[in-house]
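Same order as they appear, the protein sequences are chains Y and B.
When we follow the working numbering, the leftmost residue of the first sequence carries the number 8, and every step to the right adds one.
When we follow the working numbering, the leftmost residue of the second sequence carries the number 3, and every step to the right adds one.
Below is one structure, written out as structure tokens, with a few remarks after it.
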Amino acid sequence: MDFMVFQYPMITVQACLDGILLGILFALIAYGMALQWGVMNIINIAQGDLVILGGYIAYFMYLYGIHPAWGVIVSPIIMYFVGVGIYKLVINKVVDRDLFISILATFGISILFMQLMNFAFGADVVLANSGYGTTFLFDSAVVLPNSKIFSAFVSIVFAIGLVIYMKKSKLGRAIRATAQNARAAKILGVDTEKVYAATFGLNAALCGVAGALISITFTIHPYMGLPYTIRSFMIVIVAGLGNLPGVAMSGMGLGVFEEFADYILGTEFRIGSVFLLLVLILVYRRFKLSRKREYLK
Amino acid sequence: MSKNVILYAAILIFGLAAPFVFPAFKVQLSILCVLIVLATTWNIQGGEMGYNTFGNILFYGLGMYLCASVQVGMFFPLAEWTESGGEKTFVHTPTQFFQGMAAGLVVAAVVPTIVAGLIGYAILGLRGHYFAICTLGLGVAAGEISGGIEIIGAGQGFTTPPFPNVGGLEARGEFFYFLSFGALVLTFIAVRAIYSTRFRLILNAIRDNEDKAEAMGIETMKYKIIGWMVSAFFCGLAGGIMGGLVGYIDSTDVAFDGREMGVFMVLMAILGGKGTLWGPVIGATVFHIFKEGFWTFFLGWQYVALGVLIVVIVIYFPEGIMGWLREKYPERFGEVVDEADRKAQVELK
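Here you go:
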């Protein structure tokens with residue numbers, strides 16, 4: 008344990024900035040999760056693995072000499088079809104079933120993806136070097152890689168774009184109608200099956216964007232998926248479904264928390280602290296609600 | 003009733019004779035016993051109580067670490083043992099080994115029970131998928147955190163005391179087999195005793211409608227915690243035995259192995275049939291035979307096969323083997339079936 012954070016104020020600034028930029032990425036993944044959770048009432052444990060798969064697409068573009076930033080465009084397109092494929096094969100059979108069935112089925116998909124990626128791409132930690140350089144602030148006391156700023160910017164652009172798309176487009180309206188009441192939407196002529204497939208595809212595409220950005224900014228590894236799932240789940244339950252500013256805020260909060268946990272507890276406890284925070288948040292909400300004799304549903 | 007007595011006697015005799023009849027499969031049979039214990043205890047939550055947990059792996063791993071730590075720590079400094087990484091600087095005498103194992107197993111069973119009681123109050127208030135994800139988080143957190151603690155070996159793992167040199171390899175296999183078989187018998191008797199009381203009805207009431215159960219005056223929280231503590235007791239015991247059997251404890255790959263053991267116990271219980279006494283036993287046996295028989299053919303594709311297996315079982319076979327039998331031969335399960343009613347139901351479908 009070391010308490011550098013309290014002795015050197017610049018480290019605090021560094022941790023906050025890193026955390027916010029990281030948190031914006033988390034919020035993008037969480038947005039996808041909130042979308043499918045709200046519309047299909049499914050919790051996708053494979054969310055993080057979709058992110059990592061998206062990251063590998065960008066990484067391979069980098070290996071073949073294309074600038075990995077183009078992965079932000081290519082990866083969501085490929086991931087959309089992957090998402091629709093998963094929906095057609097598995098998810099459409101669990102959509103209206105018991106929730107635990109969907110958790111377990113997506114857990115199976117997660118294990119499957121993890122291992123397939125391990126075979127296909129190897130178990131090494133990789134990153135796609137964007138060559139964007141770094142920005143120095145406050146007399147070089149705070150170091151920000153430009154790739155982090157780039158990824159936060161792209162995440163915001165995609166999030167805003169999706170919000171507008173959901174508001175204006177026909178498919179967006181259909182998705183929102185299905186989320187409100189699937190049966191009524193069906194009666195009024197919405198093909199809910201198609202809407203579900205599109206929703207899952209959009210979610211996978213968002214994961215693809217986030218994954219491409221993560222492969223540029225941080226590192227990716229086949230087994231790193233589950234923490235991203237847990238993070239996005241945590242962000243969604245803190246913010247509540249359908250609360251987009253809340254998702255952004257709690258995403259950034261989580262990012263800052265992680266950076267501080269990293270500095271104070273040490274890197275080996277970083278993932279552990281994320282999972283513990285999830286447990287603590289759930290327990291806190293349970294006691295808060297139980298005062299009103301309610302429970303999380 | 004006499005039919006049941008014969009069945010139990012046959013299983014007991016088979017269990018006692020198995021290591022001598024199939025001496026080559028002693029380790030596999032011991033693992034099977036542990037798997038059955040885990041599936042049966044998972045079923046108390048997932049099947050009877052309707053609380054689908056991924057967190058029972060927490061007690062399993064905790065028991066594993068505790069048993070080994072006590073076994074070493076009773077006689078030697080624990081920190082130096084783990085630092086030496088299994089080099090034989092310290093050697094247990096046979097008496098020390100068995101004393102340590104006995105004390106370790108007691109601790110491995112009791113401490114997780116207490117832990118379950120403590121965290122149970124906080125966590126069992128969650129419902130449905132919140133509970134599932136929360137317990138999933140707990141299991142992974144425990145693995146990550148124990149992987150950072152130096153005194154129990156951190157990232158490099160913890161070598162459990164080697165079996166003392168009495169009777170050679172055969173004796174080691176038999177010792178661990180009878181230990182795990184004993185744990186299995188104990189678990190089965192305990193669970194069967196529990197299921198024959200009002201307790202099972204209460205658990206089922208919680209599963210079917212918790213709010214109504216509470217309105218009927220059942221203190222649901224109390225029974226949920228007791229149920230979890232029973233599970234934790236036997237999971238811890240199973241973990242302690244498994245730690246000695248494997249001989250090496252790693253935080254994420256052996257002890258808190260949510261990707262393998264944590265999923266296996268859920269899968270076995272579902273495969274056999276949730277909410278039945280025999281379902282988890284049958285499920286674990288079938289699963290273990292399948293796994294040992296075919297795992298080697300997949301050559302590194304095991305996890306791919308596991309992922310596909312989970313998806314297929316969950317989607318196409320959620321009622322399990324017992325559920326299928328029940329549908330097919332309802333008379334055997336003591337259900338009175340009206341033929342006309344059955345036909346009408348089939349037509350409705």
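C-beta atoms are modelled at their ideal positions from N, C-alpha and C, and glycine is treated no differently.
These numbers were taken from a predicted model, which means no experiment stands behind them.
Chain B within 9 Å of residue i, Cβ atoms only
i, result
"Y/G115", "yes"
"Y/A112", "yes"
"Y/S297", "yes"
"Y/I237", "yes"
"Y/G179", "no"
"Y/V105", "Residue identity check: residue 105 of chain Y is Asp in the sequence provided, not Val. Output row for Y/D105: interface = yes."
"Y/Q122", "yes"
"Y/I85", "no"
"Y/M8", "Residue confidence is low: Y/M8 scores 46 on pLDDT, short of 50, so the model does not pin down where it sits. Its coordinate-derived value is still stated next. Output row for Y/M8: interface = no."
"Y/L283", "yes"
"Y/G279", "yes"
"Y/V20", "no"
"Y/V132", "no"
"Y/V58", "no"
"Y/K100", "yes"
"Y/I118", "yes"
Cutoff 9 Å: residue i Cβ touching any chain Y Cβ
i, result
"B/P282", "no"
"B/R209", "no"
"B/W230", "no"
"B/G139", "yes"
"B/W303", "yes"
"B/E333", "no"
"B/L311", "yes"
"B/R261", "yes"
"B/C136", "yes"
"B/G149", "yes"
"B/A143", "yes"
"B/I272", "yes"
Three-state secondary structure (DSSP) of residue i
i, result
"B/P164", "coil"
"Y/K295", "helix"
"B/V113", "helix"
"Y/L151", "strand"
"Y/M8", "Bear in mind that a pLDDT of 46 at Y/M8, under 50, signals an unreliable position, so the number given afterwards is only what the model happens to contain. It is coil, neither helix nor strand."
"B/Y331", "coil"
"Y/V132", "coil"
"Y/Y71", "coil"
"Y/L195", "coil"
"Y/I50", "coil"
"B/I15", "helix"
"B/L126", "coil"
"Y/L144", "strand"
"Y/I221", "helix"
"Y/I98", "helix"
"B/I121", "helix"
"Y/I118", "helix"
"B/I151", "coil"
"Y/L287", "helix"
Between the CA atoms of residue j and residue i - distance to the nearest angstrom
i, j, result
"B/P282", "B/W230", "17 Å"
"B/V74", "B/G159", "14 Å"
"Y/G115", "Y/I227", "21 Å"
"B/G184", "Y/E275", "38 Å"
"Y/M121", "B/V313", "15 Å"
"Y/H74", "Y/Y230", "25 Å"
"Y/D198", "Y/G208", "15 Å"
"B/V306", "B/F266", "14 Å"
"Y/M8", "Y/F267", "Residue placement at Y/M8 is flagged as unreliable, the pLDDT there being 46, under the threshold of 50; the coordinate-derived value follows with that caveat. Cα to Cα, Y/M8 sits roughly 12 Å from Y/F267."
"B/Y67", "Y/S137", "44 Å"
"Y/A212", "Y/M86", "5 Å"
"Y/N51", "Y/T113", "6 Å"
"B/N6", "Y/I278", "50 Å"
"Y/G249", "B/T115", "40 Å"
"B/L37", "Y/A186", "41 Å"
"Y/A22", "Y/N153", "16 Å"
Original post:
When Cβ atoms are compared, which residues of the segment 262 to 277 of chain Y fall closer than 8 Å to chain B?
Top reply: Residues of the segment 262 to 277 of chain Y that bring their beta carbon within less than 8 Å of a beta carbon in chain B comprise G273, E275, F276, in sequence order.
Original post:
Which residues, taken in chain order from the segment 37 to 63 of chain B, show a beta carbon closer than 7 Å to some beta carbon of chain Y?
Top reply: From the segment 37 to 63 of chain B, only N54 have a Cβ closer than 7 Å to chain Y.
Subject >> Near-chain Y residues of the segment 119 to 134 of chain B (beta-carbon distance less than 7 Å), N- to C-terminal order >> reply: Within the segment 119 to 134 of chain B, the residues whose Cβ lies closer than 7 Å to some Cβ of chain Y are A124, I125, G127, L128, R129, G130, H131, Y132, A134, listed in chain order.
Original post:
Mind pulling the alpha helix (DSSP H) runs of 4 or more residues that sit fully within the segment 217 to 305 of chain B?
Top reply: Runs of the alpha helix (DSSP H) inside the segment 217 to 305 of chain B: 222 to 248, 263 to 274, 281 to 300.
**OP:** Using a Cβ-Cβ cut-off of less than 8 Å, list which residues of the segment 317 to 329 of chain B approach chain Y; keep chain order.
**Re:** Contact annotation: in the segment 317 to 329 of chain B, residues whose CB is within less than 8 Å of a CB in chain Y are I317, P320.
Original post:
Going along the segment 187 to 209 of chain Y in order, which residues come within less than 8 Å of chain B, judged by CB to CB distance?
Top reply: Answer in chain order: no residues at all.
**OP:** Pull out every residue of the segment 34 to 51 of chain Y whose Cβ sits closer than 7 Å to any Cβ of chain B, in chain order.
**Re:** Residues I50.
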